[in-house]
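Line by line, the protein sequences give chains X and W.
Going by the working numbering, the first residue of the first sequence is number 615, and it counts up by one from there.
Going by the working numbering, the first residue of the second sequence is number 20, and it counts up by one from there.
Below: the structure, in structure tokens.
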Amino acid sequence: MATKPAITVEHVKKSFRLPHERASGLKQTIVNFHKRQRGYEQQQVLKNISFEIKQGEFFGIVGRNGSGKSTLLKLLAGVYIPDSGRVIINGSLTPFIELGVGFNPELTGRENVFLNGALLGFNRQEMTGMYQDIVEFAELEQFMDQKLKNYSSGMQVRLAFSIAIRANSDILLLDEVLAVGDAIFQKKCYDYFRQLKKEGRTVVFVSHDISALQEYCDKGILIEKGKIVTSGDIDHVTNTYIELLNETEEAAHQEKEGDQKRWGSGDIEITSTRTTSQNVKKAIFSDADKFIDVTVKYQVKKPVEKPIYGITIFDAVGQRVFVSNTLWLEKHTDDVIPGDHGSITWSIPNIFNTGTFTVSPAIADRSGSNTFDWVEEMAEFKVRKKTRSNAIINVDHEIVVTKEDQSS
Amino acid sequence: MLRMDIPLIHAMSRRNRILLRELIITDFKLRYQGSVLGYLWSLLKPLMLFSILYVVFGHFLRIGADVEHFPIYLLLGVVLWGFFAEATTNGLISIVARGDLIRKISFPKYIIVISGTISALINLCFNLVIVFIFMAFAGVKLHASALLFPLAVIEIYILALALAFFLSATYVKYRDIGHIWEVVLQGAFYATPILYPVSLVAAQSETAAKILLLSPVAQAIQDARYTLITHQADTLYSMVQNPLFIAIPFISVVLISLMAYLYFRKNANYFAENI
């Protein structure tokens, strides 16, 4: 017998009324009624959504901010009721959308454990049985009789998480839980995820974190502007998501304006730094972009003999990932005089892993003792790779698998 | 829309009971949070109220001198009215006050309204303890009718709960109702024979007194006074003979409850997005 799907969503539509002014007043309602005016705008957040989540599936919901994914999760949780269509849930469902819902800052940690447990459906007796484990897991033994308002946000999250993982329902809804907490806490989250997966529980996971989605989810859907763009295997879904991001963000910033730090004598001035691929201005590079071209333009103010042009590329945490200059590459550069201007282009193989990078260009004299211009983080670009890697570089490569026959 | 199969309804109701219990405990704990005397205030407040009533009405105004145990008669009325006012006011803000829960978790919203009114009920119990102590001191003779006293409390509670359902659902959309209800309560306080005996009104106009008693709260408070303190208390039944009229306060409680329930149920699904 085929088992019923854990969650079935059939032609769900949902729209919200957005009041023009906060029309939660009687006067406004009467005025609007009188003028035959609607005091609100109808905004369709979900337009005819249908999908199925099988039992035991780790299901990802992917989408940009405002795509409707949180609304969808709230519909699954039963917090919202669809305007039309149906949401059918088979099995018990943990109602947690967020950690620490219902936490009261005026109560002690201990009292909050019992209150929060009640939201999961545990009575006092059951909570007393679990209490010690919860406190130990959260590592908050000495703090339980303090009021929650005196906890740091990290402590609150730890406590909330320790309670939440006690939920023994068939279906769990998780919304961006991993966005909070330090590295150790995140590891605990991941361990918990692995355990859920091993137990074969149904999990619906909403996240921006592509690598986390790829690691844990089997299937997923991509939502954009209230519609399902694609569904199926998670790799397919996240890849489509990356393409979508690249397309839509392409138009965004290329050059970081304004508050850059720069220093140098100013004999030669750097006027711009751009990133391109195949002569197309780009800020986001995907697997298809085999080379990232960085072009630095300059303007000469004072005569200089054979200047050196260089760039440094940093990753998001400030690690130097690429350094190059005309001296090291033994490129000949001409003497320049005031009024001269020109550009230097570096063509760098796209070996970068997914992430955000900044380019700091510099121009110095041959001895290296005199810097004419150095601009920190003048340009920024992003890389999104479909191939997974958790190292610094992510480069096209081949793997050949051979198995030697035992007899030979 | 029905989302759960039958076995789950049982599981849900268990969860609801647990939740209701925790919400009530939380409300109670938070009530005197940060005060030095803490829970003692639950007893001190009615005690102080009684002292004021005793001095003002027992020594200065003397409007109810002809009713035996008038200060206690007065106190009981004030305590019951206070319960009605507190239960409806707590209920009114309850849904909006718990907006954080409603926006994030799916659970039957009526639990919140009930927990709000029950904290008023707990407060009433403390108040009644003080009333009983004073009754003992004043030597009030208990009649067999005292057994019927809880019925009056139940009637007031049902009405207060029904109004709380209506008010809380309305408050989500129209915050005006908070101010309106405050004024209505104030007006109703004086339109209900709490501070003055019914006979005072009856002396002016018999009909007016009868109409006053048609209000369920007035009828219930007079019943409570009759059953517990003195048979001199005028009740609806002693003033009105027509059973049709006698039925009016009870029928209104039933009708108000029914309408409030339907109204609440219709709106409850949209609390999460409207708060």
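Backbone N, C-alpha and C fix where the C-beta goes; we use that ideal spot for every residue, glycine too.
Since this is a predicted model, take the numbers as computed values, not measurements.
Between residue 1000/X and residue 963/X, the gap from beta carbon to beta carbon reaches 8 Å or more. In terms of beta-carbon proximity, residue 122/W lines the interface with chain X, with at least one pair separated by less than 8 Å.
Residue 847/X and residue 821/X have their C-alpha atoms roughly 16 Å apart.
The beta strand (DSSP E) runs lying completely inside the region 733-812 of chain X and spanning 3 residues or more are 785-789, given in chain order.
In the three-state reduction of the DSSP assignment, residue 930/X falls in the coil class, being assigned neither a helical nor a strand state. Annotation: the continuous beta strand (DSSP E) that includes residue 655/X extends over 654-667. The beta carbon of residue 936/X sits closer than 6 Å to the beta carbons of 927 from its chain, once the five residues preceding and following it are set aside; these are given in chain order. Nearest CB-CB separation between residue 729/X and chain W: below the 8 Å threshold.
Residue 111/W is a Cβ neighbour of residue 186/W, given a cutoff of 8 Å. The C-beta separation of residue 271/W from residue 216/W comes to about 24 Å, leaving the pair out of contact by the 8 Å criterion. Just so you know, the alpha carbons of residue 155/W and residue 139/W end up roughly 24 Å apart. Close to residue 645/X, with beta-carbon spacing below 8 Å, lies no residue of chain W; the smallest spacing is near 13 Å. Selection 678/X, 671/X, 694/X evaluated against residue 293/W yields 694/X as nearest (Cα-Cα). Nearest Cα to residue 797/X within the set 729/X, 788/X, 772/X: 772/X. Scanning 144/W, 192/W, 61/W for the CA closest to the CA of residue 169/W turns up 144/W.
Using beta-carbon distances, residue 736/X counts as an interface residue toward chain W, with a partner under 8 Å.
Contact residues of the region 106-130 of chain W toward chain X are 119, 120, 121, 122, 123, 124, 125, 126 (C-beta to C-beta distance below 8 Å). According to DSSP, residue pairing for residue 847/X in a beta bridge involves 833/X.
In the three-state reduction of the DSSP assignment, residue 976/X falls in the strand class, which pools E and B. Counting only unbroken stretches of 4 or more residues, the alpha helix (DSSP H) elements lying wholly within the region 144-203 of chain W are 168-192, in sequence order. Chain order gives no chain X residues near residue 286/W, where near means a beta carbon separation below 7 Å; the closest approach is about 11 Å. Between residue 708/X and residue 734/X, the CB-CB gap stays under 8 Å. Boundaries of the beta strand (DSSP E) harbouring residue 886/X: 882-891, taken from the DSSP string.
Counting C-beta atoms within 10 angstroms of its own C-beta, residue 683/X has 16 or more neighbours from the protein chains shown and is therefore classed as buried. Taking 8 Å as the cut-off, the beta carbon of residue 136/W is found no closer than this to the beta carbon of residue 104/W.
A Cβ-Cβ contact shorter than 8 Å links residue 115/W with residue 191/W. Annotated three-state conformation of residue 912/X is strand, per DSSP. Following the DSSP letters along the chain, one finds residue 230/W inside the alpha helix (DSSP H) bounded by residues 225-232.
Using a Cβ-Cβ distance cut-off of 8 Å, the region 252-270 of chain W and the region 665-678 of chain X are not in contact, since fewer than three pairs of beta carbons, one from each stretch, lie closer than that value.
Interface criterion not met: the Cβ of residue 50/W is under 8 Å from no Cβ in chain X.
When DSSP states are grouped into helix, strand and coil, residue 236/W belongs to the helix group.
The three-state reading of DSSP puts residue 905/X in strand, counting E and B together. With a beta-carbon spacing of about 7 Å, residue 955/X and residue 911/X fall inside the 8 Å limit used to define contacts. The beta carbons of residue 838/X and residue 859/X sit about 10 Å from each other, so the pair does not count as a contact at 8 Å. In this structure, residue 676/X lies away from residue 810/X, with their beta-carbon atoms at least 8 Å apart.
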